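Since the structure comes first, as structure tokens, the remarks are kept for the end.
Chains as they are written, first to last, in my numbering: chain A, 92 to 367; chain B, 92 to 367; chain C, 92 to 367; chain D, 92 to 367; chain E, 92 to 367; chain F, 92 to 367.
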């Protein structure tokens, strides 16, 4: 939604324009020169972040004519056109880097998510992201994960409860932690618990829990955990998830596999702007 | 400088806290519980981003006692302590993720930069970053590059002129582009020109130029370019730079090697917060 | 949490100070005059909003000494002291109205909530608020509801799904609406459905639902709805809830009774500032 | 004026949308579904706040077609149409609550003001509001008071001087307080003095004053005060003003009757959005 | 008041620091180098703007020790010390220009105002400023005028009514303009009317008016206007006021002489920072 | 660029509108009254700031029709039309003062710069501005300098290094200062050194430097300095530059003459708005 992403794009543009703006373009390119430009992929992948990227051009120059050649979430091959921008050359060149920075990062996240999702295709498991996102860009990155075929975890500290090891330790155990959580949680707030052992899991199931995060368990233990849960809670696996480890984890029968890598360390998808 | 980074950290915290704040911690951890926490590495690398990361704790709870165990730019081994935070547990837990997101991303950039710098050690070349940074975090990422042993390119479109292929094309050649640039550039503004061919380089040198960006040249062509320049301009190589290709590029005698990868695609450095 | 409420209090103060500040106080009261002031109730009720109200004094003059005489959520009688502020008179007088506006509004909400909660004491039902809050003050008002013994509903459009009559109509029925919701909802997002008839309720229970909002039903129908649900979902009653109607609604066995009145129409609790 | 109210509406919308936006509507309602919606009253009253309410729809989706069926300040009966909004259903539903929260609160203030103004019709007195407004919404609430037939008092601490009991006490009496005020007040700044006794009033009239606030006087004393003033200053009554007490106060001959209740405690006017 | 001026100073500092901060000082001056600096005048005048100027140092580095050697409004000779700042050299140097820009501009305004006020000493007239202030700095400039011995006119379009020639023309004359103004003005809003002729003045006095602006009249006409007013309104002269013309204008008996020059065209007072 | 100047104009407008807006115009001028207005000069000079000034009208009322009669940088005579604005009278009157404040200040700067530039016409020297600009308006003022025929110095502390006397003193001499600067400066950052003596200049030239600031030298010494530099660095003169002194300074052969007066003390160019 534009109301939410516009402040992000505006900050990004102003960060690049600084005080004096694009002094190279303003010096060299006449005000009335027009161009037709194309944003195209330099490698195959999944596109995401188009709304934000194209908004960069619109904010720089509202008279630019912008046309999308594909939608977010689509798989593109190398050299495929993603969008066309036509109009005054100055605006196109001044917005180019900011637009590409947004688009290539989000597309990189979508592409990484898609690869992981494909690696576990055929199982019931789904890939979910974490809160290990780029500061300031969480909304865009969560959306890129969805376009890559993943699902979203919490958007922040306030929209669900996730009781972690430190919470359990400070509360003096799973039981008191869970009881305090239940007491405070609104009726539309779900509660998830990180469990490191099957004993903790047994406690949690006895009290009742919406979801359990099975952290850093071996596939073997995880399988037993899934069996113990037996559909009474959503099961989420986490810890050292990558393309190699994911299939074995998915095979344990967990509902979700969460992965920080897709947002904090995925390489960008290479995209460029070409002037016709 | 705090005046510059505080708005970034504040936005990052508020993005995570949302409207209701850390509902898990507030429900489970009593207001007067104190902890001693340690931020430690989970893998070796170079630390960067400490100012921003520790500011997250201070902004959440100014009564927290914060102690640095190392400085930005230092090489750390696996398990090494980076900082200590002591005080009210609620503040420590609520700021944890934002602080680690900032610290691990900047340390990842510093670590990647360091690796690239080490790969070309012994040559006269230096690694420089680009404008392919994370939207909103450019200041922090440029600093991380310096802590990794790299140097900074332009901070934005306004602090130096970089004449690229599209500018040259729209101006009708290297010569008119350079002349218009010279006419507009203030006396403290340097001008760099992207050259794809040795002919373009010859034109640029004839007119006079502060720096030339040798884009996507073979090592052989690059060597000839460096010879042509003969110290009359700074030479910068760019295009597909990585740990494998960098040494050969450095061996051509260029002054600088610019690399987008270190800011747009470097994996994070894994760091965690442990409660004693 | 201060990071969240400070912007609200700052806007409120600047709205009152305008450009020239408190011209009356600055003209009449010498800069070095000190006072001891007391905030006291003018009528009995429940206190809420102390953090925000006292922050107004701190933001105007950080040297003021502020002491709380009670905590949010406490029942106070007429004339009871709530807080003491001592220091420079100018700051006390300039912050007074903003502080009282915040405190009396939040205390009014807590008092109204408490009255409603008391009216249904002895039943299993709890009072919950709605999104019918004052624009800009939702975080403070939700907290005031908790201090009045109520619980919180959604904080916004993004932290849970509430499928209303218009959604059902546009989706073509309860079933397609619920299915689309289930498909998009993250695993930590609860889904609540507004039902106007027992047929809709039957559909919802068949598909599975976290909570149902029983809107504008007669106590008789509501009782049958609660029986149909039989613990498989949280039940929430809404529509024309007030001190007279609440007991009969609570007697139907619903889990929650939501009420917009406590945030959109509760009168303030009268509080004043007295200088010793 | 839009420049002034847009930031208020924007904050209100973002408070409701949070990070992820309207997840219910986005999941259930297709992007291209169109609706025609009507905002209508659920009870009789005076409409106010239309500019702000309709701006909420425009900011969410600028393509929505918005038509006003009445103007602010008009008396409406139960079920009367206030505005029509047509276009994409998603925007209509996502802006609905914010728009109604603004409209129903401002209409509630206008309705309460109108009732009080009607209660003193036939006298020379006018109803005026106070600074006891909702933090952040003062501009809108002052306008709603005008639409209800009331007049505005100061907009803040900076646009007129109002010397209150505490100022008098700290200055050492009415005389020194007034003299200091006169010395500092610009030539376009009016000075009003709160008087509790006729002696204070006599002092004020001797020195000269623009307006006097007769606080918490009996009608008998107030009548004598009005006689003493004899047109040399504007007279304003305050203290425990409501529908029952206002006529007697107005009958004393005062020019103005100020009332905090109309802004801090008026119940909202019930309005709803119906989809055709 | 700090709450009001801090945003102005913060914007000014960030405008100067840009993205990378003070790169010269950071490169050359070690972090732990301390200095003692003095802000001193380079020419005689009146000091103003000290709060804002010294806040620049505090915002850059809160550990700096700041001591005032004089107060705003004081007449200083050439070479006189205005303030002392001691502590880390980096902060002193980085804030220097912003602080001096604020201080020298405000002191220039105070000095110009003082000169004009001195030129009419012995008459009853006072110098007042206009709304012809620097965009963004009005609050500081209005204060500087007071420190120079002048008084303030309106702070903006909203705190008093000033009916100008265009208003009169569009209303169809002085009489309808004044009547509409009276009808809308709150009881604490003064109304001033710009009159170009004695006929207009007669109309205004007949209806009643708080102040009249005698615009561009000859001293002779102005004298007659003052006589006509005879104390029934405040009289303000405007139009081509400077050190030469002011005494004759003051001699006409007007109460106020307004002058745009003191805020829009006064040269700065030269001040510098010296390191001991 | 609009993205950069809009926040400045918005702050300026809101500063003038305050909370209640233009109460005079709203009271007197009917909503549907239209006017044709002309902005015209009251004295000859150079126009600058048109973008910002006309944006004020557009932000107040986007339906106003705005037509430029000249471009920034053009020399205008007395009474010449600069722009036409037609449409609703209210918007024209409410934006008038803010627009004129911006336009007359920037035109004043351009006019002063032009005069200084004309005074040294025929020499090779160019006029440059300094960082002694109005806090918050630097971008606009730097542009006005260019429209007056001057060139821009640094935009802030971060886009070039300027080593001043205090830096040299704290570093222990020209040599260590320059070496530290060279070590830290990015390859696109120029370094300028302020020199007070020819000995310092000799040191700087030996190490190598992009530009030297010859501060407060006599013409005789400056001439010798220019001869010593002999084209190896840009030479800039500063100190007590005005219309009388500039020609002699320019005659020394320096490349640039920097002058703070044109931004900090230039009188405005008188412009007014006339309604047809």
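In this text, a Cβ means the ideal position worked out from N, Cα and C, and glycines have one as well.
It should be emphasised that the depicted structure is a prediction, and the values quoted were computed from it without experimental measurement.
- Over what stretch of residues does the alpha helix (DSSP H) that includes residue 359 of chain B continue unbroken? Segment: none, residue 359 of chain B is in no alpha helix (DSSP H) and carries neither H nor E.
Check: Apart from the five residues just before and just after residue 229 of chain D, which ones in its own chain have a Cβ nearer than 8 Å to its Cβ?
Finding: 222, 246, 247
Taking a cut of 9 Å between CB atoms, which residues from the stretch 348-361 of chain B lie near chain A? The stretch 348-361 of chain B vs chain A, Cβ under 9 Å: 351, 352, 355, 356, 357, 358, 359.
Inset, instruction - Give the range of the beta strand (DSSP E) segment to which residue 317 of chain D is assigned. - result: That residue, residue 317 of chain D, is in no beta strand (DSSP E); its alpha helix (DSSP H) goes 310-320.
Requested in this report: Could you work out which residues of chain A lie near residue 229 of chain F, taking near to mean beta carbons separated by less than 9 Å?
Outcome: 110
_Just checking: is the beta-carbon of residue 193 of chain D within a distance shorter than 8 Å of some beta-carbon in chain A?_
no
Apart from the five residues just before and just after residue 159 of chain F, which ones in its own chain have a Cβ nearer than 6 Å to its Cβ?
174
Under DSSP, the beta strand (DSSP E) around residue 282 of chain E begins and ends at which residues? Start and end: 282-286.
(Q) Counting only Cβ-Cβ distances shorter than 7 Å, please list the residues of the stretch 145-165 of chain A near chain F, keeping chain order. (A) 150, 151
> Out of curiosity, what's the CA-to-CA distance linking residue 336 of chain D and residue 277 of chain E?
Replying inline: 23 Å
query = What residues from chain E crowd round residue 243 of chain D, counting only those whose CB sits closer than 7 Å?
reply = Neighbours of residue 243 of chain D in chain E, taken as residues whose beta carbon is under 7 Å from its own, are 277 in chain order.
Report all residues from its chain with a CB closer than 6 Å to the CB of residue 172 of chain C; omit the five preceding and five following residues, and keep chain order. 129, 131, 160
Is it buried or exposed for residue 226 of chain E, if we count other Cβ within 10 angstroms and need 16 for buried?
-> buried
Q) Under a CB-based cut-off of 8 Å, is residue 226 of chain E close to chain F? A) Cβ-Cβ to chain F under 8 Å: yes for residue 226 of chain E.
Proximal residues to residue 120 of chain E (C-beta, below 8 Å), its chain only, five neighbours per side dropped: 180, 181, 184
Discussion item. Could you check whether residue 344 of chain C and residue 314 of chain C sit closer than 8 Å to each other, using their CB atoms as the reference points?
Written reply: Yes; because the gap between Cβ atoms is below 8 Å, this pair is in contact.
*Determine, using beta-carbon pairs with one atom in the stretch 228-242 of chain E and one in the stretch 264-275 of chain E, whether at least three such pairs fall under 8 Å.*
Verdict: no, contact absent.
Item checked: Cβ-based contacts, 7 Å cut-off: residues of the stretch 170-203 of chain B near chain C -> none
Please determine, among F:195, F:178, F:124, F:346, the residue with the shortest C-alpha to C-alpha distance to residue 351 of chain E. Measuring from the Cα of residue 351 of chain E, the nearest candidate turns out to be F:195.
Review point. So, helix, strand or coil for residue 171 of chain E, using DSSP?
Key: coil
Three-pair Cβ contact test at 8 Å for the stretch 145-152 of chain A versus the stretch 97-109 of chain A:
Yes, the stretch 145-152 of chain A touches the stretch 97-109 of chain A.
Notebook entry, point to check: Taking the continuous alpha helix (DSSP H) assigned at residue 189 of chain A, which residues delimit it?
Noted result: 180-210
Q.
Determine, for residue 259 of chain C, whether the minimum Cβ-Cβ distance to residues of chain B falls below 8 Å.
A. no
Report the start-end ranges of each alpha helix (DSSP H) in the stretch 202-282 of chain F that is 4 residues or longer and not cut off at the edges. 229-238, 256-262, 265-275
Is the beta carbon of residue 366 of chain C sitting closer than 8 Å to the one on residue 108 of chain B?
-> no
### Task
Take residue 280 of chain E and list the residues in its own chain whose beta-carbon comes closer than 8 Å to its own, dropping the five residues that flank it on each side.
250, 251, 252
Point to revise | Proximity winner among C:285, C:169, C:92, relative to residue 138 of chain C (alpha-carbon distances) | key: C:169
Q.
So, with DSSP's three-state summary, where would you put residue 303 of chain C?
A. strand
query = Under 8 Å Cβ-Cβ, which residues of chain F neighbour residue 252 of chain E?
reply = 114, 115, 118
Based on Cα-Cα distance, which residue from A:212, A:151, A:206, A:199 lies nearest to residue 186 of chain A?
Ranking the options by Cα distance to residue 186 of chain A, first place goes to A:151.
- Could you name the residues of chain A that residue 104 of chain D contacts, counting a contact when the two beta carbons are closer than 8 Å? 94
Review point. If you draw a straight line from the alpha carbon of residue 220 of chain A to that of residue 359 of chain A, how long is it in whole angstroms?
Key: 17 Å
Discussion item. I need the DSSP call for residue 110 of chain C, collapsed to helix, strand or coil.
Written reply: coil
Note to self: What are the residues in the stretch 319-352 of chain B lying within 8 Å of chain F by C-beta distance?
What the structure shows: 325, 327, 346, 347
Between the Cα of residue 203 of chain E and the Cα atoms of F:356, F:243, F:364, F:361, which residue gives the shortest distance? F:356
* By Cβ distance, which residues of its chain are closer than 6 Å to residue 269 of chain D, with the 5 residues on each side in sequence left out? -> Closer than 6 Å at Cβ, skipping near neighbours: 298.
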